Amino acid sequence: MTEKFRVGLTRDFLKPDGSFGYGDIGLSLLDGAPGVEWEFLAEDASELRAEQVRDYDALLVLGAAVTAATLEGADRLAIVARFGVGHDNVDVEACTGKGVLVTITPDGVRRPMAVSALTLILALSHKLLIKDRLTRAGRWPEKLDHMGTGLTGRTLGLVGLGNIGRELLALAKPLGMRHLAHDPYVTKAYAAAAGAEMVDLDTLLRAADFVCITCALTPETHHLIDAERLGMMKPTAYLVNVARGPIVDQQALTQALRERRIQGAALDVFEREPVDPDYPILALDNVIVTPHAIGWTDECFLGNGRSACQSILDVAAGRDPKNVVNRAAFDNPRLQEKLRRYTVQVGMCL
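In short: position in the sequence shown from 1, add 28, done, that's my numbering.
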């Protein structure tokens, strides 16, 4: 194939001034691959348009949406490499129908997101932000009103025991906590090997001192934690969500926090993002909030980028990439035809 294998990056990797915003994400892998060229898409868009992507063989996507309309006429496209593990911004079914692979980067986010969840648990347990505010305001005597919660002997409950959840349990092991998990796709033996007792969701919510959401957003998990289930939690318990905002009914959570029916929460994600600055939950003093970026570290972005770039290079060489979300796409003759065209010799770069 004399024509270059063309890779398009969504422009949300760039700052408003056009400079690159995320440090090293492994693009040198693409630079060093013969026959491969990459560039940023010409325009920024929350939803990619068909005319933006039709001249590319691969897309490296951060937050922009890839919809069925995006794929209309994109007959050349063979892979959407999602930078991260959540892929709710990509219409996977439409990609499968068009013969387009969708890949994710679990190896890149596993440790950074597990560390992030543990960071929020520690910040809640020690009332870190409350004590920071007291210190800055010169209100030292009030520290007696804000005793923290020791973790030894407390119960950590994970809603979802996948890649990040398992890593979080490994990191939390020295803290001496009891570990519970709920995940309908995981066996009891698997959970036990990860160091957790598998229980139903209601049991977990009633028992846990810290409930951490680490599952994927699916139709089944949308508002999984609603007003009724929030009501099952202890009044001394904390909720941590580092997964996706719509898994928790945000209005119900706001009410539970306002009425002190749970002790507090830490949220890296929201039902609608960016969250409105006037949204009531932001005015509460018993919630820690971060802008869907708690896990954004140099380690995370380099790991994600190298993983995504390697998936792209594998497709360019006609190989089967790792971490494919829609393996049914391999049965699509359109994809098989595309893979046969790719004769770029890129080799394994990782």
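Built from N, CA and C at the ideal position, the CB exists for glycine as well. Quantities reported herein were computed from a predicted structural model and do not represent experimental measurements.
**Request:** Kindly indicate which residue of T318, H154, A311 and L99 has the alpha-carbon position closest to the one of E301.
**Result:** One-based indexing of the sequence shown puts residue 301 at position 273. It is T318 whose Cα lies nearest to the Cα of E301.
Please return the same chain residues whose Cβ sits closer than 8 Å to the Cβ of G176, not counting the five positions on each side in sequence. By one-based count along the sequence shown, residue 176 stands at place 148. Correct list, in chain order: S153, H154 and K155.
What are the partner residues of W66, as DSSP defines its beta bridges?
If you number the sequence shown from 1, residue 66 lands on position 38. Per DSSP, V35.
Beta carbon of A70 nearer than 9 Å to that of T98:
Stepping through the sequence shown from its first residue, residue 70 is reached at position 42. Stepping through the sequence shown from its first residue, residue 98 is reached at position 70. Contact: no.
TODO: Check T124 in the structure and name its three-state DSSP category.
DONE: Numbered from 1 along the sequence shown, position 96 holds the residue referred to as residue 124. Correct three-state label for T124: helix.
- Figure out for me which residue from L310, T215, R110 and H210 has the closest Cα to the Cα of R286. The residue given as residue 286 occupies position 258 in the sequence shown. Taking only the C-alpha atoms, the option nearest R286 is L310.
Task: Alpha carbon of L363 to alpha carbon of R161, nearest angstrom - done: Sequence index remark: in the sequence shown, residue 363 carries index 335 (1-based). Sequence index remark: in the sequence shown, residue 161 carries index 133 (1-based). Rounded to the nearest whole angstrom, the CA to CA distance from L363 to R161 is 56 Å.
Review point. When DSSP builds the beta bridges, which residues end up paired with Y266?
Key: Within the sequence shown, numbered from 1, the residue matching residue 266 stands at position 238. Answer is F238 and G292, bridged to Y266.
**Q.** Whether L189 touches A236 by CB criterion (9 Å)
**A.** By one-based count along the sequence shown, residue 189 stands at place 161. By one-based count along the sequence shown, residue 236 stands at place 208. The answer is no: Cβ separation not under 9 Å.
request  = For the segment 105-116 and the segment 83-94, state whether three or more C-beta atom pairs, one from each stretch, are separated by less than 8 Å.
outcome  = Put simply, the segment 105-116 touches the segment 83-94. At least three CB pairs are less than 8 Å apart.
* Taking buried to mean at least 16 other C-beta atoms within 10 Å of its own C-beta, is K43 buried or exposed? -> For the purposes of this step, residue 43 is taken as the residue at position 15 of the sequence shown. By the 10 Å Cβ count, K43 comes out exposed.
TODO: Inspect the CB distances between the segment 50-61 and the segment 327-338 and report whether three or more fall short of 8 Å.
DONE: Verdict: yes, contact present.
For T131, which beta-bridge partners are listed by DSSP? Taking the sequence shown and counting its residues from 1, the one referred to as residue 131 is at position 103. Answer is A109 and V352.
With a threshold of 6 Å on Cβ separation, who are the neighbours of N360 within its own chain once the five nearest residues in sequence on each side are excluded? Here residue 360 refers to the residue found at position 332 when the sequence shown is read from its first residue. Counting only Cβ-Cβ distances below 6 Å, and skipping sequence neighbours, we find G127.
| query | Exposed or buried, what is E65 when buried is set at 16 or more other beta-carbons lying within 10 Å of its beta-carbon? | reply | Counting from 1 along the sequence shown, the entry for residue 65 is found at position 37. With fewer than 16 Cβ atoms within 10 Å of its Cβ, E65 is classed as exposed.
Q | Reference V143; option with closest CA among W324, P274, N314 and G101 | A | Residue 143 sits at position 115 when you count from the first residue of the sequence shown. Cα-wise, what sits closest to V143 is W324.
What's the gap between the Cα of P247 and the Cα of P308? One-based indexing of the sequence shown puts residue 247 at position 219. One-based indexing of the sequence shown puts residue 308 at position 280. Looking at the two C-alpha atoms, the distance is approximately 26 Å.
(Q) Rounded to the nearest angstrom, what separates T183 and M226 at their Cα positions? (A) Within the sequence shown, the letter at position 155 stands for residue 183. Within the sequence shown, the letter at position 198 stands for residue 226. Straight-line Cα distance between these residues: approximately 13 Å.
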